[in-house]
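Taking my numbering, the leading residue of the sequence shown gets 26, the next gets one more, and so forth. Only one structure is covered here, and it is reproduced in the block below.
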Amino acid sequence: MLTYNEIIQLKDKLENNEITLEIAKSQYWIDFKGGQRLWHSKDWRERRIEFIKNNCEICNSTETLTLQHFSHPTNY
Numbered sequence: 026m027l028t029y030n031e032i033i034q035l036k037d038k039l040e041n042n043e044i045t046l047e048i049a050k051s052q053y054w055i056d057f058k059g060g061q062r063l064w065h066s067k068d069w070r071e072r073r074i075e076f077i078k079n080n081c082e083i084c085n086s087t088e089t090l091t092l093q094h095f096s097h098p099t100n101y
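This is the structure:
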């Protein structure tokens, strides 16, 4: 599974016509394992510290923090 930065680099190469769509698709799906979730990857565990704080950014509370989703992605 590609890391976040590798996906960004792949997208940039595709947009700049450095690679074809077929090559981009094959590189994107390399090492993909069915049922594997991005949030279980080492890459996400390392990057999540930047995104998920130890306190609420609205009220500064540290009690019972949960992530809220207003919409859910479709299953694939």
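No residue lacks a Cβ here, since even glycine has one placed at the ideal position from N, Cα and C.
Per-residue DSSP class, three states only, for residue i
i, result
"residue 54", "coil"
"residue 82", "coil"
"residue 32", "helix"
"residue 62", "coil"
"residue 39", "helix"
"residue 90", "coil"
"residue 46", "helix"
Integer Cβ distance of residue i from residue j, believed to fall under 8 Å
i, j, result
"residue 44", "residue 38", "5 Å"
Contact check, residue i vs residue j, beta carbons under 8 Å
i, j, result
"residue 87", "residue 80", "yes"
"residue 76", "residue 26", "no"
"residue 49", "residue 35", "yes"
"residue 29", "residue 72", "yes"
Beta-carbon proximity list for residue i, same chain, < 7 Å, skipping 5 on both sides
i, result
"residue 70", "none"
"residue 61", "26"
"residue 52", "35"
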